[in-house]
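Asks: For the sequence shown, counting from 1, position 391 maps to 573 in our numbering; every step adds exactly one. Backbone N, C-alpha and C fix where the C-beta goes; we use that ideal spot for every residue, glycine too. Just so we're clear, the structure is a prediction, and the values are computed from it rather than from any experiment.
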Amino acid sequence: MTDTIAAISTAIGEAGIGIVRLSGKDSIEIANKIFKGSKIDELKKAENRKLTYGHIIDPKTNEIIDEVLIAYMKEPYTYTRENVVEIYCHGGIISVRKILEAVLESGARLAEPGEFTKRAFLNGRLDLAQSEAVIDLIRAKTDKSFQVSLNQLEGNLSKKIREIRNTLLEMLAHINASIDFSEEEDVDDVTYMGLEEKARLVKDEIERLLKTADRGKILRDGLNTVILGKPNVGKSSLLNSILRENRAIVTDIPGTTRDIIEEYVNIDGIPLRIIDTAGIRTTDDVVEKIGVDKAKDMVNRADLIIAVFDVSSELADEDFEIVEIIKDKNAIVLLNKSDLPNKYDKDYFTELLPGKKIINTSILEGVGIDILEEEIKNIFYSGTVNIESDIVVTNMRHKNQLVKAKKNIEDGLEGIKANMPLDCIEVDIKACWENLGEISGDTVSEDILDKIFSDFCIGK
Ligand SMILES: Nc1nc2c(ncn2[C@@H]2O[C@H](COP(=O)(O)OP(=O)(O)OP(=O)(O)O)[C@@H](O)[C@H]2O)c(=O)[nH]1
Ligand SMILES: [Mg+2]
């Protein structure tokens with residue numbers, strides 16, 4: 183925490199500008215060693231938070247690396263609450279790399295992934311849930327997921343968690359007072375009633391948050407959608423049609439797709455992570471076999487399966503295998519190639535897969551895709567949670583903590599109802615309080631912190 187860190191904070195590639203960022207006590211001194219201003223000789227003399235024009239000089243050769251603007255931001259009102267310097271140079275790969283090297287040469291250390299944000303957390307500018315929102319914002323794929331992350335960055339989830347923890351703290355205080363008191367006489371019913379009321383409140387609040395988690399996960403990670411079917415039924419045609427571009431190779435040769443193809447698409451604000459797979463069949467081809475295994479593996483991690491069948495040919499063993507695979511899963515069935523003479527009808531499939539949505543499509547002629555997209559929206563929007571206004575739990579880590587906390591408060595509630603000794607109840611309430619604290623980062627171990635921030639990109 184005491185050394186000064188540096189990293190390239192913009193994406194590497196052709197771009198108008200690139201930014202190298204420094205944070206730490208010595209940021210300004212280090213940047214000053216390689217900066218030559220046209221008007222000022224010392225960066226310290228530049229006005230706080232104002233851009234200064236000049237050049238970055240290679241400390242080894244004394245040659246100009248690039249023409250830049252530089253901003254220094256004095257602690258504590260910065261992203262990390264430390265002295266921060268940002269060097270705005272030309273984009274591309276050379277300038278940012280050379281400037282980073284110069285900065286490292288002059289005494290900074292290369293930042294670890296997420297280290298700027300980690301410092302913001304450790305210095306108390308962001309709590310943990312807010313820090314996690316930063317990476318979600320960067321990765322957001324739709325307006326809605328961005329909105330939800332922004333909401334979390336503003337601290338709305340943290341605020342709710344803090345409220346619940348306060349109620350738990352009140353309970354703990356009450357319990358402690360009563361334990362002292364009860365050495366003289368029995369704990370009265372009023373104490374238990376008061377605790378019960380609060381425990382119910384906590385349980386309700388946790389449940390309300392948990393209800394948003396499934397949809398929240400989809401907003402953050404995308405609806406994991408796998409296209410499944412035997413070879414040549416039109417899976418890759420479907421992918422292309424949803425993406426509205428020729429992403430995957432389509433031919434009339436069965437076994438065209440051998441690997442999995444993954445793309446993101448936005449269907450009216452719903453982020454879809456859509457995966458085209460190798461057609462399911464038994465094959466001696468080594469490469470194709472791996473593809474088929476991969477496809478089956480994908481199915482287990484899917485939120486939604488789109489199972490494609492070719493309605494113009496008789497069902498084969500592979501088709502029945504697919505029917506078995508999707509039976510108990512969230513799946514939509516497409517009877518494709520319906521422009522050709524049909525060998526069976528929808529009713530036949532309704533019997534095979536009762537309760538599943540079955541759509542007749544002709545991907546070739548663009549028929550039925552709109553119904554499919556409508557159905558995907560239905561799946562996402564079914565339920566009662568309004569993601570525009572409610573606090574949404576998008577992060578699996580948060581969800582897991584909430585699940586633990588829910589169990590704790592339920593155990594506590596049981597104990598209260600059974601008039602158990604207060605010190606037994608205290609254990610559950612305390613555990614609930616601690617588990618929720620791991621969301622906001624009030625109670626969290628170094629290991630978990632490392633794990634969270636290592637998931638970030640370098641430079642953030
Ligand atoms: N008539 C008709 N042909 C279609 C339709 N959809 C796809 N096809 C054709 O079916 C053939 C196979 O399409 P693909 O999209 O490559 O099928 P796939 O399921 O990805 O096949 P594999 O990658 O081999 O598993 C191509 O010739 C497509 O043009 C449709 O709705 N009607
Ligand atoms: Mg294919």
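Between the alpha carbons of Leu339 and Ala302, how many angstroms are there, rounded?
Replies: 18 Å
Asks: Quick one, are the C-beta atoms of Asp240 and Ala188 less than 9 Å apart?
Replies: no
Asks: Rounding to the nearest angstrom, what Cα-Cα distance links Ala197 and Asp527 in this structure?
Replies: Note on geometry: alpha-carbon atoms of Ala197 and Asp527 lie some 54 Å from one another.
Asks: Should Lys509 be counted as a contact of ligand 1 given a C-beta to heavy atom distance under 8 Å?
Replies: no
Asks: Could you give the distance in angstroms between the alpha-carbon of Leu282 and the alpha-carbon of Glu503?
Replies: C-alpha separation (whole angstroms): 55 Å.
Asks: Using the rule of at least 16 other Cβ atoms within 10 Å of the residue's Cβ for burial, across every protein chain shown, is Ala489 buried or exposed?
Replies: Burial call: buried.
Asks: From the DSSP output, in three-state form, read off Ala256 for me.
Replies: The sequence shown places Lys at residue 256, rather than the Ala named in the question. The answer is coil: DSSP assigns Lys256 none of H, G, I, E or B.
Asks: To the nearest angstrom, how far is it from the Cα of Asp610 to the Cα of Ile598?
Replies: Cα to Cα, Asp610 sits roughly 11 Å from Ile598.
Asks: How would you call Cys271, buried or exposed, if buried means at least 16 neighbouring beta carbons within 10 angstroms?
Replies: Cys271 comes out buried.
Asks: For Ile435, does the three-state DSSP call read helix, strand or coil?
Replies: coil
Asks: Any heavy atom of ligand 2 closer than 8 Å to the beta-carbon of Gly501?
Replies: Gly is not the amino acid found at residue 501; the sequence shown has Asp there. Every heavy atom of ligand 2 is 8 Å or more from the Cβ of Asp501, so no.
Asks: Would you call the CB atoms of Thr262 and Phe635 closer than 9 Å?
Replies: For Thr262 and Phe635, no; Cβs fall outside 9 Å.
Asks: For Asp469 and Gly411, I'd like the C-alpha separation in whole angstroms.
Replies: The identity of residue 469 in the sequence shown is Val, whereas the question assumes Asp. Near 18 Å, if we compare the C-alpha coordinates of Gly411 and Val469.
Asks: Closer than 8 Å: is that where the CB of Gly461 sits relative to any heavy atom of ligand 3?
Replies: Absence of ligand 3 is noted for the structure shown, with ligand 1 and ligand 2 being the only ligands found.
Asks: Please determine whether the Cβ atom of Asp208 lies at a distance below 8 Å from any heavy atom of ligand 2.
Replies: no
Asks: How is the beta strand (DSSP E) around Ile201 delimited, first residue to last?
Replies: Ile199 to Ser205
Asks: Does the distance from the CB of Thr186 to the CB of Gly289 come in under 9 Å?
Replies: yes
Asks: What is the rounded straight-line gap between the Cα of Tyr259 and the Cα of Leu310?
Replies: 19 Å
Asks: How many whole angstroms separate the CB atoms of Ile630 and Cys614, which I take to be in contact at a CB cut-off of 8 Å?
Replies: Actually they do not touch by this definition, with Cβ atoms about 18 Å apart.
Asks: Around the C-beta of Asn348, are 16 or more other C-beta atoms found within 10 angstroms, so that it is buried, or is it exposed?
Replies: exposed
Asks: For Leu546 and Ser419, which I take to be in contact (beta-carbon distance under 8 Å), what is that distance rounded to the nearest angstrom?
Replies: About 7 Å; that satisfies the 8 Å criterion.
Asks: Going by DSSP, what residues sit across from Ala188 in a beta bridge?
Replies: According to the DSSP secondary-structure assignment, Ala188 is paired through a beta bridge with Leu204 and Leu292.
Asks: Using the Cα positions of Ile442 and Ala477, report the straight-line distance between them to the nearest angstrom.
Replies: 7 Å
Asks: Check whether the stretch 246–259 touches the stretch 314–324, taking contact to mean three or more Cβ pairs, one atom from each stretch, closer than 8 Å.
Replies: Taking 8 Å as the limit for Cβ pairs, the verdict is that the stretch 314–324 does not touch the stretch 246–259.
Asks: Quick check: the Cα distance between Lys586 and Lys385, rounded to an integer number of angstroms?
Replies: Taking the straight line from one Cα to the other gives about 12 Å.
Asks: Do Asp467 and Ile409 count as a contact pair if the criterion is CB distance below 9 Å?
Replies: no
Asks: Grouping DSSP H, G and I as helix and E and B as strand, with all else coil, what is Gly411?
Replies: In this structure, DSSP gives Gly411 an extended state, which the three-state scheme calls strand.
Asks: Would you list the one or two residues that DSSP bridges to Asp248?
Replies: Ile238
Asks: Would a C-beta distance cut-off of 9 Å place Ile508 and Leu535 closer than the cut-off?
Replies: yes
Asks: Could you check whether Ile607 and Glu383 sit closer than 9 Å to each other, using their CB atoms as the reference points?
Replies: Note that residue 383 is Leu in the sequence shown here, rather than Glu. Result no, Cβ atoms of Leu383 and Ile607 do not sit closer than 9 Å.
Asks: What are the uninterrupted segments assigned as alpha helix (DSSP H) that are 4 or more residues long and contained completely in the stretch 262–311, given in chain order?
Replies: For the stretch 262–311, whole alpha helix (DSSP H) runs of length 4 or above, ordered along the chain, are 276–287 and 297–304.
Asks: Extract the residue ranges of the beta strand (DSSP E) inside the stretch 573–612, only unbroken runs of 3 or more that lie entirely within it.
Replies: Every candidate beta strand (DSSP E) stretch fails here, since none sits fully inside the stretch 573–612 while reaching 3 residues.
Asks: In the DSSP assignment, what are the bridge partners of Asn448?
Replies: Asn448 pairs with Pro453.
Asks: So is Thr532 buried or exposed if we call it buried at 16+ other beta carbons inside 10 Å?
Replies: exposed
Asks: May I ask whether a heavy atom of ligand 1 can be found less than 8 Å away from the beta carbon of Gly521?
Replies: It should be pointed out that residue 521 corresponds to Asp in this sequence rather than to Gly. Yes, since a heavy atom of ligand 1 falls inside the 8 Å radius drawn around the Cβ of Asp521.
Asks: So does Asp492 have its beta carbon nearer than 8 Å to some heavy atom of ligand 2?
Replies: no
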